[in-house]
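Chains as they are written, first to last, in this note's numbering: chain V, 78 to 305; chain Y, 2 to 475.
For each residue, glycine too, the CB sits at the ideal point set by N, CA and C.
Reviewing the structure listed below.
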């Protein structure tokens, strides 16, 4: 009996470790300006995020179907999308995000602020979640907010896609936190369809560069359409 | 089999991608006719869903479906001639994608499952993005990027909303399928806090797609850069489908006894959209952008009407029908203007009354219609919304509503008068107008007049049953 609780304890620890790694990757991505590094961080984050459901208590008895789905998730988030993004970065031949709307130090600071805010929100919610793990919801909200922040504060199309991807990871984590096997089976998993959108965006970037309709994939150049 | 409404355009669309352009155009019209017939059959209740867990015929869904199908038919008739004159990189992509777009919009109209609705709305983004990019110019690329990016963020937030609705089921201890028809029965048991949170995210998510301010920023760019038949389709059909998502959320809230909260949210977003449109329409330089802002305004009116409730809900439903008819007619006319002058700028146009008499008639009549002049239906619908709001004693919101309407009319009429009557600097006609490209516009306007004078009883009953689910009545 003691051994069993020990095992549970360590599994919870493992989940906590993974969650901390996710937060770390969020902070790293906010502070980094090299696109290739960003892609690597996203690959790492994708793997960690899709591993988390394996280590949560209430997912202890998983159906074969959901295990297969989780593996597909791992493949898409950890390998397929980052690989695709790597190709895009190679094609567009730019290494750095220059002139972000909000600087790197300020972004890092914002990231820390998101963690605080997420902790505050989680504390205030007072709901009995199916998963008794506060850190999960904190990580989820932080990732979501930081993703949105990255999306809005960077000018390069590829960095915006990375921000979107991060936001999507956050949504997936929130889904996992709120999930109860009965209903949400195959609800949270539909988040994978968002990856389809990400795929399309990256494809857009790759295809455009081949057509060389612009030299530089910078959405700041996409400033022709406006209301006068 | 109800799913045929999705399957037929889906398969024909995939085939049309590989067919020569001319054949594809024919296929487009044939499929549109078939789709309209099937929609009418579905309306008569002759089609039953094969997958009742996911799809259902609902009154509000069938209204949106009928409007979509009807507008689509005339747009595809117009496209036959328009595509002859315009230069686009790949016409089979246009033919294929519009059909796939029709398939996804039909899916939205018939979806009964929370997640199926979400998937369908996401699919509309995917299928319509290539349509916006058809001209392959830098500005088209920008518009497409904005459209995909902003709508994707919206759709991601809508998924979050779906999670919250499911959570409210869990907390309420409800065990039913996540379909709107089964949630209806047990709505009062749902956890109110999370249901409210879910509704907010659903409105933000689907509202982005519907063009509610402040999430509307993609709309003017996308509508002005897409080829005119695609703009007509975006404005006349897609916005309604996104509205259906919001409507279903509101329905659920009403059934759960939280109708006051969701009404207030809808009225707020509606008025904000109208005001934003009123400010931005004033100094527009492009006529397609002007029409796009008018779409934002009209979506705001619909949200406002639904939020007010009672008689105004009936007005909002009428407004949805007539806005689709008149606005797609206007976008089709604007296609002729673009072909004729070769520019999207209002300054480059002028003296339309003389140079393009047929297009002028359709465009000016459409403008009168969209501004709420009789005998077009928007006159009735706006009047009903105003009366409905007065009945509810919402004096403040109705004053803002009327102010916004007046401002928009003032702003737009200045631009339209310039286009129609001011002297043109360079009166050279690039492409002459013809009946093939003006008759569809006239037909759509005529449909609006007809429905204003004589509303068939079955349609009337459908609208009444649709609005009864959110407490609307006459």
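Asked: If you follow the alpha helix (DSSP H) that residue 117 of chain V is in, where does it begin and where does it stop?; Found: 112-128
Asked: What does DSSP give as the partner residue(s) for residue 114 of chain Y in the beta ladder?; Found: Y/180
Asked: Let's see if you can read the secondary structure: which residues bound the alpha helix (DSSP H) around residue 36 of chain Y?; Found: 22-44
Asked: Cβ atoms of residue 327 of chain Y and residue 379 of chain Y: under 9 Å apart, would you say?; Found: yes
Asked: Return the first residue and the last residue of the alpha helix (DSSP H) that residue 219 of chain Y is part of.; Found: 219-226
Asked: Can you find a CB in chain Y that lies within less than 9 Å of the CB of residue 278 of chain V?; Found: yes
Asked: Would you tell me roughly how many angstroms separate the C-alpha atoms of residue 234 of chain Y and residue 240 of chain Y, rounded to the nearest one?; Found: 9 Å
Asked: DSSP three-state label for residue 134 of chain Y, please.; Found: coil
Asked: Alpha carbon to alpha carbon, how far is residue 237 of chain V from residue 315 of chain Y?; Found: 42 Å
Asked: In chain Y, which residues lie with their C-beta within 7 Å of the C-beta of residue 248 of chain V?; Found: 157, 160 and 161
Asked: Skipping 5 residues on each side, what residues in its chain have a beta carbon closer than 6 Å to that of residue 342 of chain Y?; Found: 349 and 350
Asked: Please identify, using Cβ separations under 8 Å, the residues of the segment 223-254 of chain V that lie next to chain Y, in order along the chain.; Found: 225, 228, 234, 237, 241, 244, 245, 248, 251 and 252
Asked: Please tell me whether residue 166 of chain V has its Cβ less than 9 Å away from any Cβ of chain Y.; Found: no
Asked: Would you mind working out which of Y/261, Y/322, Y/415 and Y/375 sits nearest residue 283 of chain Y, comparing C-alpha positions?; Found: Y/415
Asked: Pull up the distance between the alpha-carbon of residue 218 of chain V and that of residue 197 of chain V, whole angstroms please.; Found: 11 Å
Asked: Tell me, please, whether the segment 112-121 of chain V touches the segment 234-252 of chain V by the rule of three or more beta-carbon pairs shorter than 8 Å.; Found: yes
Asked: Return helix, strand or coil for residue 357 of chain Y, following the three-state DSSP convention.; Found: coil
Asked: Given residue 232 of chain Y, which residues of its chain have a CB within under 7 Å of its CB, disregarding the five upstream and five downstream residues?; Found: 224, 289 and 332
Asked: In chain order, what residues of the same chain lie with their CB nearer than 6 Å to the CB of residue 283 of chain V, ignoring the 5 residues before and after it?; Found: 165 and 168
Asked: For residue 194 of chain Y, report the span of its alpha helix (DSSP H) as first-last.; Found: 193-211
Asked: Does the beta carbon of residue 171 of chain Y come closer than 9 Å to any beta carbon on chain V?; Found: yes
Asked: Between residue 107 of chain Y and residue 69 of chain Y, is the Cβ-Cβ spacing less than 9 Å?; Found: yes
Asked: Inspect the CB distances between the segment 161-171 of chain Y and the segment 87-94 of chain Y and report whether three or more fall short of 8 Å.; Found: no
Asked: Give me whichever residues DSSP pairs with residue 56 of chain Y in a beta bridge.; Found: Y/112
Asked: Using a C-beta cutoff of 9 Å, does residue 281 of chain V count as contacting chain Y?; Found: yes
Asked: Evaluate residue 442 of chain Y with the Cβ neighbour count: other Cβ atoms within 10 Å of its Cβ, from every protein chain shown; 16 or more gives buried, anything less gives exposed.; Found: buried
Asked: For the ligand HEM, is there any heavy atom lying closer than 8 Å to the beta carbon of residue 346 of chain Y?; Found: Looking for the ligand HEM in the displayed structure turns up nothing, as the structure carries no ligands at all.
Asked: Look at residue 107 of chain V and residue 267 of chain V and say whether their C-beta atoms are less than 9 Å apart.; Found: no
Asked: At which residue ranges does the segment 268-351 of chain Y contain complete alpha helix (DSSP H) runs of 4 or more residues, listed in the order of the chain?; Found: 288-309 and 312-342
Asked: Starting from residue 426 of chain Y, trace the alpha helix (DSSP H) both ways and give me its first and last residue.; Found: No alpha helix (DSSP H) contains residue 426 of chain Y, which DSSP labels as neither H nor E.
Asked: Grouping DSSP H, G and I as helix and E and B as strand, with all else coil, what is residue 376 of chain Y?; Found: coil
Asked: Under 9 Å between beta-carbons, which chain Y residues line up against residue 271 of chain V? List them in chain order, please.; Found: 123, 153, 156, 157 and 160
Asked: Kindly list, in the order they appear in chain V, the residues whose Cβ is closer than 8 Å to that of residue 149 of chain Y.; Found: 274, 277, 278 and 281
Asked: Report yes or no: do three or more beta-carbon pairs, one from the segment 410-426 of chain Y and one from the segment 361-368 of chain Y, lie closer than 8 Å?; Found: yes
Asked: Are there three or more Cβ pairs, one per stretch, closer than 8 Å when the segment 142-159 of chain Y is compared with the segment 27-45 of chain Y?; Found: no
Asked: For residue 428 of chain Y, tell me which candidate among Y/403, Y/105, Y/357 and Y/398 has the shortest Cα-Cα distance.; Found: Y/357
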